[in-house]
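Colleague: Here the sequence shown stands for residues 1 to 221, numbered as in my numbering.
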Amino acid sequence: MTVLDSHPDAAGIDQVRLTPVPLVPEIRLLLAQDAIVLWARLEAAEGRHLPAPYWASAWAGGQALARYVLDHPDTVAGRSVLDLASGSGLVAIAAALAGAHTVTANDVDPYAIEAIGANARANGVTVRPLADDLLDGDGHGADVVLAGDVLYDATMARRVVSFLTRAADRGADVLLGDPGRQRPRTDRLRRVASYAMPAVAGTPEDAQLPRTEVFAVDRRT
């Protein structure tokens with residue numbers, strides 16, 4: 001039994017629904033009707049403070065990156081993929097559907113790890129969840145590193161961009177989906193796609209961010 005299963009009143013039956021993702025309707029995820037209410041119920045069930053349930057929303061940057069991967073399957077087909085700070089597993093699932101050889105979905109939140117497994121099963125793909133903070137490394141040797149909507153505060157953005165550039169410099173193909181929340185200034189990001197987000201897409205914060213970009217992280221020359 002998973003944590004999500006163990007508290008059905010708080011986390012499953014009345015707060016999370018298997019829902020098509022607006023920009024990526026090929027994929028269905030367990031998404032919260034109200035993430036704040038879900039968070040409060042999870043904390044009440046656990047009796048302790050928990051990180052925000054980022055895994056229970058389809059963030060705009062992740063939607064854009066998943067759309068790009070499905071529309072450009074050659075990006076990942078036959079290759080090993082790492083999805084950084086995977087949350088719901090949306091981008092990892094897209095990579096698996098696009099034909100990646102192996103997909104690792106990384107997150108530090110144990111609820112996210114369980115959501116990734118449940119969402120992968122719901123979409124009929126195999127994804128390996130990995131619960132660890134990888135940001136001091138360079139991507140565990142993955143051929144492709146994907147990161148969707150991970151620049152959500154300034155401290156995280158600095159660590160993530162450093163990680164992504166290290167991954168690119170050791171030879172990985174690196175893609176970032178980002179709507180412009182806390183994007184640091186760097187000449188290493190090259191825009192490869194831009195998407196208008198559906199009005200119903202993402203989180204309430206995303207309503208103020210009508211477009212989302214996908215960037216390739218260039219290698220140092």
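Don't be surprised by glycine CBs; every beta carbon is placed ideally from N, CA and C.
1. Please confirm if the segment 53-71 is in contact with the segment 109-126, defined as three or more CB-CB distances below 8 angstroms between the two stretches.
2. So, under 8 angstroms CB-CB, Leu90 and Val21 are touching, yes? Tell me the CB distance rounded to an integer number of Å.
3. My understanding is that Ala193 touches Val214, with C-beta atoms under 8 angstroms, so please give their C-beta distance in whole angstroms.
4. Per DSSP, what kind of secondary structure is Leu90 in: helix, strand or coil?
5. I'd like the list of long-range same chain contacts for Tyr68, defined as Cβ closer than 6 angstroms, with 5 residues on each side in sequence excluded.
6. In chain order, what are the residue ranges of uninterrupted alpha helix (DSSP H) at least 4 long that sit wholly in the segment 100-129?
7. Under 8 angstroms Cβ to Cβ from Arg211, same chain only, skipping five residues before and after it: list those, please.
8. Where does Leu38 fall in DSSP's three states?
9. Helix, strand or coil for Tyr193? Go by DSSP, reduced to three states.
10. On the three-pair Cβ rule with 8 angstroms, is the segment 69-84 touching the segment 92-109?
11. With C-beta atoms as the reference, is Leu151 less than 7 angstroms away from Arg181?
12. Can you tell me whether Arg121 is buried or exposed, with buried defined as 16 or more other CB within 10 angstroms of its CB?
13. Mapping the DSSP letters down to three states, classify Ile13 as helix, strand or coil.
14. By Cβ distance below 7 angstroms, which residues in the same chain neighbour Leu164 in space, the five residues on each side in sequence not counted?
Modeller: Based on what the coordinates show:
1. The answer is yes - the segment 109-126 touches the segment 53-71, with three or more Cβ pairs under 8 angstroms.
2. Indexing the sequence shown from 1 puts residue 90 at position 90. Indexing the sequence shown from 1 puts residue 21 at position 21. That pair is a contact at about 6 angstroms.
3. Taking the sequence shown and counting its residues from 1, one reaches residue 193 at position 193. Taking the sequence shown and counting its residues from 1, one reaches residue 214 at position 214. Between Val214 and Ala193 the Cβ distance is about 4 angstroms, and since that is below 8 angstroms, they are a contact.
4. Counting from one through the sequence shown, the residue named residue 90 turns up at place 90. If DSSP states are grouped into helix, strand and coil, Leu90 belongs with the helices.
5. In the sequence shown, residue 68 corresponds to position 68, counting from 1. Counting only residues of its own chain and dropping the five nearest sequence neighbours on each side, Tyr68 has a CB closer than 6 angstroms to the CB of Ala193 and Val214.
6. Secondary structure remark: continuous alpha helix (DSSP H) runs of at least 4 residues inside the segment 100-129, in chain order: 110-122.
7. Here residue 211 refers to the residue found at position 211 of the sequence shown. These residues qualify, in order along the chain: Pro179, Ser194, Tyr195, Ala196 and Met197.
8. Looking up residue 38 in the sequence shown gives position 38. DSSP, read as helix, strand or coil, puts Leu38 in helix.
9. The residue given as residue 193 occupies position 193 in the sequence shown. The sequence given here places Ala at residue 193; Tyr does not occur at that position. It is a strand residue.
10. These segments touch.
11. Counting from one through the sequence shown, the residue named residue 151 turns up at place 151. Counting from one through the sequence shown, the residue named residue 181 turns up at place 181. It is a contact, given that the beta carbons lie within the stated cut-off.
12. Translated into the one-based positions of the sequence shown, residue 121 becomes position 121. Around the Cβ of Arg121, a 10 Å sphere holds fewer than 16 other Cβ atoms; the residue is exposed.
13. Numbered from 1 along the sequence shown, position 13 holds the residue referred to as residue 13. Its pLDDT being 43, under 50, Ile13 is placed unreliably in this model, and the value from its coordinates should be taken loosely. Reduced to three states, the DSSP call for Ile13 is coil.
14. In the sequence shown, counting from the first residue as 1, residue 164 sits at position 164. Contacts found: Val145, Ala147, Val174, Leu176 and Val217.
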